[in-house]
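As structure tokens, the structure follows; a few thoughts come after it.
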Amino acid sequence: MATLADIGVSALINIITAFVFLLAFAILRIQPINDRVYFPKWYINGGRSSPRGSGSSVRKYVNLNIWTYFTFLKWMPAALKMSEDEIISHAGFDSAVFLRIYTLGLKIFFPIAIVALLALIPVNVSSGTLSFLRKELVVSNIDKLSISNVRPHSIRFFAHIGLEYLFTLWICFMLYKEYDNVAQMRLNFLASQRRCADQFTVLVRNVPHSSGRSNLDTVDQYFHKNHPQHYLSHQAVYNANKLAKLAKKRARLQNWLDYNLLKFERHPDKRPTRKTGWFGLCGKRVDSIEYYKRQMKDLDARMALERQKIVKDPKAILPVSFVSFKSRWGAAVCAQTQQSKNPTLWLTNWAPEPLDVYWQNLAIPFVSVSIRKLLISMSVFALVFFYMIPIAFVQSLANLEGLERVAPFLRPVIELKLVKSFLQGFLPGLALKIFLFILPKVLMIMSKIEGHVAVSMLERRAAAKYYYFMLVNVFLGSIVTGTAFEQLDAFIHQSPTQIPRTIGVSIPMKATFFITYIMVDGWAGMASEILRLKPLVIFHLKNLFLVKTDRDREKAMNPKGVDFPETLPTLQLYFLLGIVYAVVTPILLPFILIFFAFAYLVYRHQIINVYNQQYESVGAFWPHVHGRIIASLLISQLLLLGLLSTKKAANSTPLLVALPILTLFFHKYCKNRFEPAFRKYPLEEAMAKDTMERSTEPNLDVKAFLSDAYLHPIFRSVEEEELTEIKVEKQKSPIQEATHS
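The numbering of the sequence shown is full-length UniProt numbering, which starts it at 1 and goes up by one.
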């Protein structure tokens, strides 16, 4: 088990690593050649121009101003200057709300840390139970600061129970205030938001098939009949997935053609060549430029045929439609009500904004979505237990003393001081981080298979899966497997009736492992986030081989947005660790506070200068954040209840029974009070915005504004004569003519 010295070694390694990353960032960010890597957001907004436009050839690549190298921490105060309103205007509402999660963490844990350290550490240290158990259990100096050090039957447990009530009350108070603030901010943002297509549009799924009538006519007739005063038009959805794959293939060929043309321009005396066989490794050698031109010509012909097939084949039209209304009020009524007496038909929801639509999944039959969700749920369940194997291995590294007792032949290597400190203080957190590296991508693929039609929903579902994984494997799994490895000798040789007591004493001791994980992931990990080493290398490789025009250079920047599927669950794990260990092992809290403060600073800088959010969900993820912090509270209360039961605290333990019930009541109240603001759009708000718009823009042509908003992106490059066939119909349909006659 890690000692204070091991934790010190880990802290030193991670602080040095973070400092090296920050120093490298400070130097790299001021070099003109890296400007587009560290400030892409400003290039996209048009607020920054390349510093390489003038000056000597050396100055285009290297910053020769020596003074700027001495102000390497200048980015920190600069990141704090922009106000929240300015961040909303600059980076979007989602980014501002995301940053509020970090400030919420600081508001919650700063007073809790002070009270817990001052009140509980003396209570725990002065008990001395672990000194009597040293022969039975593997303990360290840090464990003496935890609740494990308090004797059974002790009256001191009333202090832990009292502070659990106090901390729960404080966390609930802060959650209520923050939920209220974010909900009000959301409504204010929606009220002041500029006109957008999704404000007038509803996504309709499971459109029933009518014999003798096309899907277009069915939708048009249904909404003219049931929404005669407000229905405006609709955009049919075509199954263009095959065409989209061809377009991606064409883009890859175009990149190879551009690369070879650029190569030929640099060396005009030698034309580039390649082999025609598998991956260019075998076959006849031909001219690369001519080869890719022929490939693209053939592909263009196939794409033209596929476009014609989609346009002319009625079966290519999906039972899905984007239906637009003349007003926000009309769209709100349709999106938030049941359309048919058969609840499985004409299903309506607010349409995602055009950039948020995940077009591939619109082609998935609605009936198969439930089956897909069931299969993916089973797959996630299996994946969670599969990952128990590497988690158990990581825990074996964190608990070397337990293995020494069972496998004494390893002792000569393990007992080397430097090796032992490295293995216990740094390697477990790093190994766990490596095992988790690929997981978010796997979970995102699973979410796509489920059939969600919005990128924001895909990311929220992937984040939910990752959270459950972190809860079961990283938190509960680390405790269970870690305790088993750590107290293996005690488990084998003691009476079965004593095992619950051993677990009850050992669970708080896992704080040492989580401290090392926080330092690796939360300290060094945040420093690597701001360094952006991977995007830096990729940008320069693209710039070297593929970039030919300014447009290519903009694509090479590709900053993307905040990685919500990975970042939100990781954040929620830190809330869980802080809340659970606040009463059990409060020495963990300072490490949590450093993470929240440092991460807030880093992400503020990244949101202002780097990230370019692809969509705007208006803080739709906040109810999930709130709910998972409530779940952390419940877990902490139940774990403390179980822990005290092993401590034979019969007089004090029953006092905790009411706390989970009160917490659930609070959660239900907040859910009823605030969640509707994130799920529905108030009709009075919609009417107020419509009324104001009619008074300020009486001649607004909503139909023209919405005409191509939800046209599949693959069709935007189609020739005008083909495009008119698949646009929203601008001429009146026969039903419309009959209505007006």
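Glycine residues also receive a C-beta, built at the ideal position from the N, C-alpha and C atoms.
query	result
Near S636, what residues of its chain come up, given a Cβ to Cβ distance below 6 Å and the 5 sequence neighbours on each side ignored?	I579 and V580
What are the uninterrupted segments assigned as beta strand (DSSP E) that are 3 or more residues long and contained completely in the stretch 237–311, given in chain order?	273–275 and 285–287
Tell me the DSSP secondary structure of V62 in three-state form.	coil
If we count Cβ pairs, one from each stretch, closer than 8 Å, do we get three or more for the stretch 270–280 versus the stretch 674–689?	no
Do you know how far the Cα of P440 is from the Cα of L641?	33 Å
Taking its Cβ as the centre, do 16 or more other Cβ atoms sit within 10 Å of Y69, making it buried, or is it exposed?	exposed
Taking C-alpha atoms, which residue in L577, I592 and V320 lies nearest to T103?	I592
Using the rule of at least 16 other Cβ atoms within 10 Å of the residue's Cβ for burial, across every protein chain shown, is R460 buried or exposed?	buried
Under a three-way DSSP split, which group does Y176 fall into?	helix
To which residues does DSSP link H626 through a beta bridge?	The partner list for H626 (beta bridge, DSSP) is empty, contrary to what the question assumes.
Can you have a look at K465 and say buried or exposed, based on whether 16 or more other CB atoms are within 10 angstroms of its CB?	buried
Can the beta-carbon of Q229 be found closer than 8 Å to that of F322?	no
Could you give the distance in angstroms between the alpha-carbon of W75 and the alpha-carbon of T570?	25 Å
I need the boundaries of the beta strand (DSSP E) containing S617, first residue and last residue.	Element bounds for S617: n/a, residue is neither H nor E.
Using three-state DSSP, classify Q590 as helix, strand or coil.	The residue you asked about is not Gln; residue 590 is Pro in the sequence shown. Looking at P590 - three-state DSSP - the assignment turns out to be helix.
Less than 8 Å between the CB atoms is what I'm expecting for P660 and L634, so what's the real figure, rounded?	5 Å
Taking DSSP as the reference, what is the three-state secondary structure of T71?	coil
Assuming I515 contacts L588 (C-beta within less than 8 Å), just tell me the rounded distance between them.	6 Å
Examine the Cβ distances between the stretch 531–541 and the stretch 33–45 and report whether three or more of them are shorter than 8 Å.	yes
Report the rounded CA-to-CA distance for E136 versus A511, giving the unit in angstroms.	Only weak support is given to the placement of E136: the predicted model assigns it a pLDDT of 47, under 50, and the question is left unresolved by the model.
Along the chain, where does the beta strand (DSSP E) that runs through P319 open and close?	I317 to F325
How is Y231 classed by DSSP in three states: helix, strand or coil?	strand
Assuming the contact rule is C-beta atoms closer than 8 Å, G92 and E616 should be a hit. Round their C-beta distance to whole Å, please.	5 Å
Between which residues of its own chain and M303 is the CB-CB distance below 6 Å, once the five residues before and five after are set aside?	L246
Under 8 Å by Cβ, that's how I've got L120 and P508 pegged, so tell me the actual separation to the nearest angstrom.	No, L120 and P508 are not in contact; Cβ-Cβ is about 11 Å, not under 8 Å.
In whole angstroms, what separates the C-alpha of P51 from that of T71?	19 Å
Going by Cα to Cα distance, which pick from K703, L656 and F325 is closest to L163?	L656
Between the stretch 185–193 and the stretch 336–344, do three or more beta carbon pairs fall short of 8 Å?	no
On the DSSP bridge assignment, give the partners of residue 785 in chain order.	Nothing about residue 785 can be reported from this structure: the residues present for the chain run from 1 to 741 only.
How many angstroms separate the CA atom of F325 from the CA atom of H667?	36 Å
How would you label Q614, buried or exposed, when you count the other beta carbons within 10 angstroms and need 16 or more for buried?	exposed
How is V182 classed by DSSP in three states: helix, strand or coil?	helix
Just reading off the alpha helix (DSSP H) that T516 is part of, what are its end residues?	A511 to Y517
With which residues is V357 paired in a DSSP beta bridge?	A454
Here's the rule: buried if 16 or more other CB atoms are within 10 angstroms of the residue's CB, otherwise exposed. What is F541?	It should be pointed out that residue 541 corresponds to Leu in this sequence rather than to Phe. Classification of L541: exposed, given that the 10 Å Cβ count is below 16.
Could you spell out the range, first to last residue, of the alpha helix (DSSP H) harbouring Y222?	N215 to N226
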